[in-house]
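Note that the protein sequences, when read in sequence, are chains A and B.
First residue of the first sequence: 97, per the working numbering; consecutive thereafter.
First residue of the second sequence: 319, per the working numbering; consecutive thereafter.
Just below is one structure, and these are the notes that go with it.
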Amino acid sequence: MLDDEGRAVGPWAEEPKLSFDELREGLEHMVTLRIFDERMLLAQRQQKTSFYMQHLGEEAVSCAFRRALNDGDMNFPTYRQAGLLIAGGYPLLSMMNQIYANAGDPTHGRQLPVLYSAKDHGFFTLSGNLATQVPQAVGWAMASAIAGDTKIAAAWVGDGSTAEGDFYAGMVFASTYRPPVVINVVNNQWAISTFQGIAMGGSETFAHRGLGFGIPSLRVDGNDYLAVYAAARWAADRARNNLGPTLIEHVTYRAGAHSTSDDPSAYRPAGSGSAWPLGDPIARLKQHLIVSGEWSERTHAELIAKVTEHVIETQQKAEAIGTLHSGSRSSKKFMFEGVFEEMTPHLQRQRKEAGF
Amino acid sequence: MNRPTVRREAEAKAPTTTKRMTMIEAIRDAHDVAMAADDRVVVYGEDVGYFGGVFRCTAGLQEKYGPTRCFDAPISEQGIVGTAIGMAAYGLRPVVEIQFADYMYPAYDQLVSEAARLRYRSAGDFTCPLVVRMPVGGGIFGAETHSQSPEALFTHVAGLKTVMPSNPYDAKGLLLAAIEDPDPVIFLEPKRVYNGPFDGHPDRPIVPWKNHRLAEVPTGHYVEPLGKAAVRRPGTAVTVVTYGTMVHVSLAAVSESGIDAEVIDLRTLLPLDLETITQSVQKTGRCVVVHEATLTSGFGAELVALIQRECFYHLEAPIFRVGGWDMPYPHVHEWNYFPGPERVGRALRAVVEAD
């Protein structure tokens, strides 16, 4: 939708349309995610946490998609959709506490950093195993339909994980029962060091995968905030109107490393990160607002300063509670709790043996 | 269908009469009772809807409750369990059937990495009240991929409960308890005793459940709590710890050998009723563990380890294990594979005669 000058063009630019206030808010969400990423990446390098995964280049996908959802809808995300939380108003402090695995971590220090869980914000607990949550999202949507509910589900999977059997299991159930689900394939071009073509095989696109199942499928510029929103809104409306599932391939580019344990310079052509195919989603939305007379370099600099201050303040609060190796962490008693609703006798015995 | 509602209170007041049922009928009845009481209960799997399942455990449910409550699924075990996890997380109570336990391997990742861990990983934010039913065991000439007993693969996973009834009464009461349980339950149905108890000899007919004391199944709602074993036969000379089809084989072995053995039917492997086992073994001083699954690293190994820890100073002989041989189920030789009363009897004699 956004052309090289930053103007919104084409039929998808007409309806539904976001107001400039909403677009400014969207820009703030993306800027927040990027600054959050920068600070948390640094925190990992300072050994305040064990691991981090940044979103650099992919901010528009999750931040814009969240706008098309209502409260009560449920995402089944992967590890690179924290924008769903930020754009949904989830506290940054809770996210940082999870990353630091401190006493404020809602998941009691049980999960790998960035594998958040936030039911009230429509964010299903993340799994480290890939594509397992596609059939779960489909099942959640089936349940919503069975219960006569109007809530919808969104599945998320990366380009590489579309090679998993669970992706196809989810697709066939979505195709058979036509529940209210949007299946998102985030094609960021790389599955750690493996280029997307390996998982895609002989297909032309990942969106083609949906057509074989009779599922309407879109391919969208994932670095264009307006385009992601338009596609998400179309798919979400279809689901909500009981017209069944949609697959969206978000074409984006992972400008950073896969994780803090990865070195993309070992496998990507030199300079490809800075060439940035599809451009920087933040710069593109900023440019759109500027050519629309709704933004300026000055207001952008003010936004960055404001967000940076907020993120740093929040980080100080989180670190005052604790980081992975210092301060307070979740109580050891949580270790044995929550395996089952009621602790079984064998776990009671093991807890006693462990001394807490 | 409107929003799901629970009508448990009205159901609980229903008068209790009994009816003679096969295990299949008891399982079907448990579904019926659960679905009538609770709109959240949804039943599906391969052939489960229109046809009523290959063993007919869900026959008539689609007709009664409609195709949104009981329906056929594509042949995709990971899809069946994966979608059921999503349903459970939404707030429904899915009961899914894997047509044979041998087919659960494609769904194993969903059970182990997902269903078992949702509560823990999310600190209770999401839960997974799910029941996965699957027929287990051999003795019906099902060969290698229609005969396995994979219970140890489930008991080894933190976060799953594993149940295996041996008779219609327990099957219904335990299945209702499993459906009402807030956590994922693996419900294993020994198919050799679907239609009647069994004395372990291939050349003798199955005794119809209708002629059997345990086939008196209450109509309406009742639960048998998970984690409680049953003493099937009191005795003083040796304790047999077993479950599923092997309860019947063990009772036959005790009767044929004339040894005064106490036979414990575990009913639930996890949570395990260690107290009942311990009390018995401390009394008899001797123990034989019997299961149909392959011996090496089987659930029997766990039982033996626990029993020796709890009962070491009461033991008068080593604990013996009887299980399937360590090989895929051989079709034509299945009665040589299946632990029958003779093999169990030999173990009983060896343990009783040991000094």
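Even for Gly, the Cβ is constructed at its ideal location relative to N, Cα and C.
All values reported here derive from a predicted model rather than from experimental measurement.
| Asked | Found |
| --- | --- |
| With distances taken from CA atoms, which of A:450, A:164, A:353, A:153 is nearest residue 118 of chain A? | A:164 |
| Could you tell me if residue 190 of chain A is buried or exposed, where buried requires 16 or more neighbouring beta carbons within 10 angstroms of its beta carbon? | buried |
| Considering only residues of the same chain and omitting the five flanking positions on each side of residue 569 of chain B, which have a CB-CB separation below 7 angstroms? | 550, 551, 581 |
| Which residues in the same chain have their Cβ closer than 7 angstroms to the Cβ of residue 691 of chain B, if we skip the five residues on either side of it in sequence? | The shown model of chain B, from 319 to 673, leaves out residue 691 of chain B, and the question about it has no answer. |
| Applying the 10 Å Cβ sphere with the 16-neighbour rule, what's the burial state of residue 158 of chain A? | buried |
| Within the 8 angstroms Cβ cut-off, does residue 590 of chain B reach chain A? | yes |
| What residues from chain B crowd round residue 262 of chain A, counting only those whose CB sits closer than 7 angstroms? | 396, 400 |
| Measuring straight from C-alpha to C-alpha, what distance separates residue 428 of chain A and residue 452 of chain A? | 7 angstroms |
| Below 8 angstroms on the Cβ atoms is my guess for residue 236 of chain A versus residue 227 of chain A; work out the distance and round it to an integer in Å. | The Cβ separation is near 15 angstroms, so there is no contact. |
| Who are the neighbours of residue 404 of chain B on chain A, taking C-beta pairs under 9 angstroms? | 170, 172, 220, 229, 231, 232, 233, 234, 235, 236, 237, 238, 239, 249 |
| Give the interface partners of residue 225 of chain A over in chain B, defined as CB-CB distance under 8 angstroms, in chain order. | 427, 431, 432 |
| Straight-line CA distance for residue 297 of chain A to residue 259 of chain A? | 9 angstroms |
| Buried or exposed, going by whether 16 or more other CB atoms sit within 10 Å of the CB of residue 167 of chain A? | exposed |
| Taking 8 angstroms as the CB-CB cut-off, is residue 204 of chain A touching chain B? | yes |
| Determine, using beta carbons only, whether residue 215 of chain A comes closer than 8 angstroms to chain B. | yes |
| So, with DSSP's three-state summary, where would you put residue 388 of chain B? | strand |
| Are the stretch 585 to 599 of chain B and the stretch 641 to 655 of chain B touching, with three or more C-beta to C-beta distances below 8 angstroms? | no |
| I need the DSSP call for residue 372 of chain A, collapsed to helix, strand or coil. | coil |
| Give the single residue among B:438, B:557, B:534, B:658 whose Cα lies nearest to the Cα of residue 634 of chain B. | B:557 |
| At which residues does the alpha helix (DSSP H) containing residue 362 of chain B begin and terminate? | Residue 362 of chain B -> not in any alpha helix (DSSP H); beta strand (DSSP E) instead, spanning 359 to 363. |
| At what residues does the alpha helix (DSSP H) containing residue 238 of chain A begin and finish? | 229 to 242 |
| Exposed or buried, what is residue 625 of chain B when buried is set at 16 or more other beta-carbons lying within 10 Å of its beta-carbon? | buried |
| If you pair each beta-carbon of the stretch 343 to 350 of chain A with each one of the stretch 302 to 314 of chain A, do three or more pairs fall below 8 angstroms? | yes |
| From this set, A:326, A:202, A:210, A:151, which residue's C-alpha is nearest residue 111 of chain A's C-alpha? | A:326 |
| Of all the residues that make up the stretch 183 to 198 of chain A, which are near chain B by a beta-carbon distance shorter than 7 angstroms? | none |
| Does the beta carbon of residue 328 of chain B come closer than 8 angstroms to any beta carbon on chain A? | Low per-residue confidence applies at residue 328 of chain B: pLDDT is 46, beneath 50, and the placement is therefore not dependable, though the value from the model is reported in the following sentence. Closer than 8 angstroms: no. |
| Chain B beta carbons: is any one of them nearer than 8 angstroms to that of residue 101 of chain A? | no |
| With 9 angstroms as the C-beta to C-beta threshold (strictly closer), list the residues of the stretch 471 to 504 of chain B near chain A in chain order. | 476, 477, 479, 499, 500, 501 |
| If I'm right that residue 299 of chain A touches residue 209 of chain A with Cβ under 8 angstroms, what's the distance once you round it to whole angstroms? | Going by Cβ atoms, the distance from residue 299 of chain A to residue 209 of chain A rounds to 33 angstroms, so no, they are not a contact pair. |
| Tell me, please, which residues DSSP counts as bridged to residue 415 of chain B. | B:363, B:451 |
| Between residue 661 of chain B and chain A, is the shortest Cβ-Cβ distance under 8 angstroms, so that the two count as touching? | no |
| For residue 328 of chain B, does the three-state DSSP call read helix, strand or coil? | Residue confidence for residue 328 of chain B is low, a pLDDT of 46 falling below 50, so the modelled location carries little weight; the figure read from the coordinates is stated next. Three-state result, residue 328 of chain B: helix. |
| Compute the Euclidean distance between the alpha carbons of residue 534 of chain B and residue 342 of chain B, then round it to the nearest angstrom. | 13 angstroms |
| Measuring CB to CB, does residue 435 of chain B end up less than 8 angstroms from residue 434 of chain A? | no |
| In whole angstroms, what separates the C-alpha of residue 423 of chain B from that of residue 470 of chain B? | 13 angstroms |
| Return the residue from the list B:443, B:407, B:671 that minimises the CA-CA distance to residue 202 of chain A. | B:443 |
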